[in-house]
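Just so we're on the same page, our numbering is the position in the sequence shown counted from 1, plus 74. Idealized CB from N, CA, C, for every residue including glycine.
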Amino acid sequence: MSTGTYFDSSALVTVYVTGPFSIRAREEIQKAGNPSFTPLHELEDRNALRALLGRKSLTLDQQQRFEALLNGDLLTGRLRATILDLAAVFRRANQLSVAHTSQLLCRSLDILHVAAALELGTTQFVSGDERQLALAAAVGLSAVDIHV
Numbered sequence: 075m076s077t078g079t080y081f082d083s084s085a086l087v088t089v090y091v092t093g094p095f096s097i098r099a100r101e102e103i104q105k106a107g108n109p110s111f112t113p114l115h116e117l118e119d120r121n122a123l124r125a126l127l128g129r130k131s132l133t134l135d136q137q138q139r140f141e142a143l144l145n146g147d148l149l150t151g152r153l154r155a156t157i158l159d160l161a162a163v164f165r166r167a168n169q170l171s172v173a174h175t176s177q178l179l180c181r182s183l184d185i186l187h188v189a190a191a192l193e194l195g196t197t198q199f200v201s202g203d204e205r206q207l208a209l210a211a212a213v214g215l216s217a218v219d220i221h222v
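This is the structure we're talking about:
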């Protein structure tokens, strides 16, 4: 268990792909040290880079460069590859859904990230998604909005 910071994929991708909220995301990752990079990140972050390529928001060269930066951060420990008990994460996510979705209208993958943060014992949650941040705050995590 840790007491660190969990980055949702929306915030983590913004660290690599420069956009309007990149400065804030980069500041938060500097403060966080070496946040967890879970199997959820592995799928969602890399998929986001591929989707940006498909939407022609990135060139193939840019997408490959961002993937290389991500791989480098995993190799150096800037991002900490972290295994999750996915069964526990899904159980927790189902509990969060029952308790909060009808009010907060969270999406499943957003709930899974909050559940993962809770399972890892983190205390802070960084995201750019309002509903996800509301869920994080509702379950006692310190919610950091990169859009602010």
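For D219, no alpha helix (DSSP H) segment is defined; the enclosing uninterrupted segment is the beta strand (DSSP E) at 216-219.
Following the DSSP letters along the chain, one finds T79 inside the beta strand (DSSP E) bounded by residues 79-81. Distances from the CA of C180 to each of E204, R165, G107, Q198 were compared; the closest alpha carbon is that of E204.
R154 sits in a strand when the DSSP states are folded into three classes. At least 8 Å separates the beta-carbon of Y90 from that of P109.
Closest in C-alpha terms to E101, from the list S201, A173, R154, D135, comes S201.
When C-beta atoms of the stretch 151-159 are compared with those of the stretch 170-187, fewer than three pairs fall below 8 Å, so the two segments do not count as touching.
Around the beta carbon of T150, a 10 Å sphere encloses fewer than 16 other beta carbons of the protein chains shown; the residue is thus reported as exposed. The stretch 163-177 makes contact with the stretch 206-220; the number of CB pairs closer than 8 Å reaches 3 or more. T133 and E116 have their C-alpha atoms some 21 Å from each other. Here the C-alpha atom of L148 lies approximately 11 Å from the C-alpha atom of T112.
Put simply, of D82, A142, A190, Q137 the residue whose alpha carbon is nearest the alpha carbon of A161 is A190.
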